[in-house]
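Using the working numbering, the final residue of the sequence shown is 407, and nothing's skipped along the way.
Virtual Cβ for every residue (Gly too), placed ideally from N, Cα, C.
No experiment lies behind these values; they were computed from the predicted model shown.
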Amino acid sequence: MSAKILQGEEIAKRILEDLKNKVAGKRLKLAVVQVGKNAVSETYIRKKEEATAKLGIGFELHKLPQEISQAELKRRVEAIGKDKTVSGMIVQLPLPKHLNQQEILDEIPREKDVDVLSSASFGLFAFSPFGRSPVGRERLPILPPTVGAVSLLLKETGMELKGKSIAVVGAGRLVGLPVALWCMQKGATVSVANKDTKDLSAVTRDADIIISGVGKKGLIIGAIVKRGAVVIDAGSSVEAGLMGGDVDFESVVKKAGFLTPVPGGVGPLTVACLFQNLVVLKSVWS
Ligand code: GUN
């Protein structure tokens, strides 16, 4: 038996097509801050730029040097945040190690935080579904883009998350952390593996759903996947110019019930969800 392949690219095309009508006549602009060089980030920035061109949204790339100081980067991000012509902004991660990442992300104003990475936006995302949100009755009207993408892919499987056993592999800021929180909010039993996890197989082998966002090729092999499980590959790494995920496709496709490909799975859907966020934030805040 072979897994059903979940084509994120096709869903993404439908979302972008729908967004095209929604953005027509609106003056929208996405600003991206890139510090130094990173192959994965470059690929994603290119994809985002291509999408703005298709949608008719403005695009502005701020390429800053690897050695930039914390104070200077903070100043630049704050200035972009205040620019009235910018409707949404992104600080590409990872930032160079000498920088305090969260302090920089906290300069992104909520109304422009399409990635849900500032403490204010992330706090609202984390708490809202558990009842009263931290700021009065306010609720975040968007989801972190990777969560949006994972949610749409899981919807395709028709599976209810409540009561399911989910293994999240990787505890990073862009995938693992927000996805694990969201799965908890949905009533799943969630295990999160990180780089110090001694026995990855012990975390994944009984999981109904595996969601991996590490950026390490071949990490998830068929032997550590339960037969019939849903496997969502949200990892991205670039090797010899080619984008790859965390999943060893050959072995996992024979074991899983559903599987997302890389490229063509989570990646394009994440980009589509980001633009959906841009449009929602614009309508909520203007
Ligand atoms: N680096 C790689 N992908 C992304 C993304 O979607 N958002 C941000 N902020 N950084 C990234």
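| Query | Result |
| --- | --- |
| Since Gly356 contacts Gly366 with CB under 8 angstroms, what's their CB separation in whole angstroms? | 5 angstroms |
| Which residues does DSSP list as the beta-bridge partners of His183? | Val154 |
| Would you decide whether Glu228 is buried or exposed? Buried here means 16 or more other CB atoms lie within 10 Å of its CB. | buried |
| Which residues does DSSP pair with Ala288 in a beta bridge? | Ser312, Ile331 |
| Using 8 angstroms for Cβ pairs, my map puts Val368 next to Ile345. What's the rounded Cβ distance? | 11 angstroms between Cβ atoms; not a contact. |
| Quick check on DSSP: helix, strand or coil for Leu380? | strand |
| Comparing C-alpha positions only, which one of Lys184, Gly336, Lys285 sits nearest to Ile166? | Lys184 |
| Is Pro215 close to the ligand GUN? I mean its beta-carbon at under 8 angstroms from any heavy atom of the ligand. | yes |
| I need the DSSP call for Gly339, collapsed to helix, strand or coil. | coil |
| Could you check the C-alpha separation between Met305 and Met280 for me, to the nearest Å? | 15 angstroms |
| Please name the residue or residues paired with Lys90 in a DSSP beta bridge. | Since the first residue of the chain shown is 122 and the last is 407, residue 90 is not available in this structure. |
| Assuming Ile225 is part of the alpha helix (DSSP H), what are its boundary residues? | 222-226 |
| Does the count of Cβ pairs from the stretch 140-155 and the stretch 196-212 closer than 8 angstroms reach three? | yes |
| If you measure between the beta carbons of Thr267 and Val313, is that distance less than 9 angstroms? | no |
| List the DSSP bridge partners of Gly177. | Partner(s): none; Gly177 has no beta bridge. |
| On the DSSP letters alone, give me the boundaries of the alpha helix (DSSP H) that Val199 sits inside. | According to the sequence displayed, residue 199 carries Glu and not Val. 191-203 is the span of the alpha helix (DSSP H), which, as asked, contains Glu199. |
| Mapping the DSSP letters down to three states, classify Ser242 as helix, strand or coil. | helix |
| Of the choices Arg260, Val335, Val271, whose alpha-carbon is the least far from that of Lys423? | Since the first and last residues shown for the chain are 122 and 407, residue 423 lies out of range. |
| If you measure between the beta carbons of Pro230 and Val401, is that distance less than 9 angstroms? | no |
| Let's test the definition: count the other Cβ atoms within 10 Å of the Cβ of Lys269 and tell me whether it reaches 16, buried, or not, exposed. | Per the sequence shown, residue 269 should be read as Gly rather than Lys. Burial call: buried. |
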